[in-house]
Structures are given as structure tokens and as C-alpha cells.
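Student: Residue numbers (the numbering used here): 1017 to 1308.
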């Protein structure tokens, strides 16, 4: 199994978050095999056993998307084993996943984020400026959580007003920075340089101990400030990414440009945001079309 995880990390170039998800899924299935069938090796699982595991997940009221991911993890592992000659067949091929419920991306209104920045009560120290910059970058560029954590100081191009991010599959893309982000970035770096006496970390964001930022820290920051302007339980970094895309589309941005900014591999992944903007699209149609 460790070979499989290394394959995902170094050959498939999956993000650390995705590799961790695969690890969690496979270890959960391994635990199910041990408790239910007294089996210790995943290679001993057959179609019926895998199907019974999926039924148990459904009975636990797990989200259909989570179940889909777990099936995908198991399917990929058996494909890996098949290619290595460890198994004779892939028992997941005839497995049918439950239907996915269509969910629209959650987002916050434009005025809510403005209110968040205006009334955020950010402290005038490194911690306060770090928290503000995290929020500004997530909403102002649409970057992913993993991309934010992986930012380096040298990724910022102050002259051109851009920032370089490393996306999925190690694909780099350049994102423009608005004036608000540039101001927040300059103040943040000024304070960090003044306090950073013995740490030469290349990472843009570091903890109090000089270590790279971690996901839970970012989640706490987002939840802390978003809860002041939103009653939604989905106060996460990804909601700010969704808000970025939705607000751009509402203001008439080209879908292809939004795709490039988000780092999507295909336009199909970006088209989900058009559902959130149908009312705005109707308004544009009624105002602009000669027969409307």
C-alpha cells in the first residue's frame, strides 16, 4: 500500500491532501475487512465484499460524493495491483456508485466580504496582517487552500502585480493581484521582515515557530471571520474560491478566463458556476436582447 501512495505522490503528482484522502479511504476499508470478514489483506476482497462495504457507508448516511471518492480510491488501488500482477482481476469494475445529488457551490454575497474586511477587527501585528492577507488572497485570486499554503515569497512579482501558484498536477499559473491585495501584501511583508530575525524560510506564510502554514490554521482563520458575516455552516476556504468565481461571472467575466484563473483542466468544471448566476444572466438577456 505504501508503494501505491508513493506512486500517487511522485508519478501521478497528486496533492498531499488527495494522497491523504486515498490513505484514509483504503485504511477504512482495510479496517472494515478485518472487523467484518476477519481478512487482513485488501487483495482478498471480492465484488460482494466491496458491495457490502458500500451498503454500510450508505447506511451511515455518508454524503454520496464521499462514497464516490472512496470507491474511486479503491478502484485506483486495484488497478495499481493489477498492473503489478498482484491480483488477477479488478473486483471494483462492476461496482455501481450511488447517484450524486446535484449541489451548487456555496458562496457569500459581495457585500458580505466587503463587510468582513471593514469590520474584521484585525490586530495591527504580524498575526492580524497574516489573517487579513489569507482572506484577501483566497477571495481575490480564487486560489485553492493547498496553493495558498505552498506560496513562496519569490512567487510574488511586485513589479507586475502578479503571484505564481503551483496547482494540481504541478501546473503553474500566474494570477493578477488587485490593489487591495497588493496593499495588504506590502504591509504584511514589511512587518514580517522586521520581526523575522533568525528565520530565512522561503515560504510566504509561516507559523509563530517559523514552520510552513498548515490547513487547520487557514480553516480557523476563515471560520473566525466569515462567521461574523455569514450564518452558513460552510465557512471554508473553498467557499471563498466559489465566491470569487461566482462574483466574476455575475459581473460579466468570460467563462474561459474564469477557468484559467481557477486552474481548471476543462471548461466543464467551471460551468457549474453558471447555475448560480442564472438570475443575473436572465437580467442581462431581458435588458440586451431585442426580442426580450
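Yeah, the Cβ is synthetic: ideal placement off N, Cα and C, and Gly gets one too.
Values in this document were obtained by computation on a predicted structure and should not be read as measured data.
When the Cα atoms are used, what is the spatial distance from residue 1255 to residue 1233?
Tutor: The residue you call residue 1255 lines up with position 239 of the chain shown. The residue you call residue 1233 lines up with position 217 of the chain shown. Taking the straight line joining both Cα atoms gives about 16 Å.
Student: Can you tell which of 1101, 1138, 1124, 1146 has its C-alpha closest to the C-alpha of residue 1155?
Tutor: Within the chain shown, residue 1155 is the residue found at index 139, counting from 1. The shortest C-alpha separation from residue 1155 is found at 1124.
Student: Is it the case that the Cβ atoms of residue 1114 and residue 1289 are separated by a distance below 9 Å?
Tutor: Counting from one through the chain shown, the residue named residue 1114 turns up at place 98. Counting from one through the chain shown, the residue named residue 1289 turns up at place 273. It is not a contact, given that the beta carbons lie outside the stated cut-off.
Student: Can you tell me which of 1017, 1021, 1030, 1020 puts its alpha carbon nearest to the alpha carbon of residue 1187?
Tutor: Numbered from its first residue, the chain shown carries residue 1187 at position 171. Of the listed residues, the one whose Cα sits closest to residue 1187 is 1030.
Student: Report the rounded CA-to-CA distance for residue 1067 versus residue 1111, giving the unit in angstroms.
Tutor: Your numbering for residue 1067 matches position 51 in the chain shown. Your numbering for residue 1111 matches position 95 in the chain shown. Taking the straight line joining both Cα atoms gives about 7 Å.
Student: If distances are taken between C-alpha atoms only, which option among 1202, 1243, 1158 comes closest to residue 1175?
Tutor: Here residue 1175 is taken as the residue at index 159 of the chain shown, counted from 1. It is 1202 whose Cα lies nearest to the Cα of residue 1175.
Student: To the nearest angstrom, how far is the alpha carbon of residue 1263 from that of residue 1204?
Tutor: Reading the chain shown from its first residue, position 247 is the one you call residue 1263. Reading the chain shown from its first residue, position 188 is the one you call residue 1204. Roughly 26 Å separates the two Cα atoms.
Student: I'd like to confirm the pairing. Which residues does DSSP put opposite residue 1058 in its beta bridges?
Tutor: Along the chain shown, read from residue 1 onward, the residue named residue 1058 stands at position 42. Beta-bridge pairing links residue 1058 to no other residue.
Student: Assign residue 1189 to one of three DSSP states: helix, strand, or coil.
Tutor: Along the chain shown, read from residue 1 onward, the residue named residue 1189 stands at position 173. Correct three-state label for residue 1189: strand.
Student: Residue range of the alpha helix (DSSP H) that residue 1232 falls in?
Tutor: Taking the first residue of the chain shown as 1, we reach residue 1232 at position 216. Residue 1232 -> alpha helix (DSSP H) spans 1231-1242.
Student: For the structure I just gave you, are there three or more beta carbon pairs, one from the stretch 1057-1073 and one from the stretch 1040-1048, closer than 8 Å?
Tutor: They touch, by the three-pair rule.
Student: Please report the distance separating the alpha-carbon of residue 1053 from that of residue 1061.
Tutor: Your numbering for residue 1053 matches position 37 in the chain shown. Your numbering for residue 1061 matches position 45 in the chain shown. The alpha-carbon atoms of residue 1053 and residue 1061 are separated by roughly 9 Å.
Student: So, using beta-carbon positions, are residue 1243 and residue 1129 closer together than 9 Å?
Tutor: Position 227 of the chain shown, counted from the start, is the residue given in the question as residue 1243. Position 113 of the chain shown, counted from the start, is the residue given in the question as residue 1129. Their beta carbons are not under 9 Å apart, which means residue 1243 does not touch residue 1129 by this criterion.
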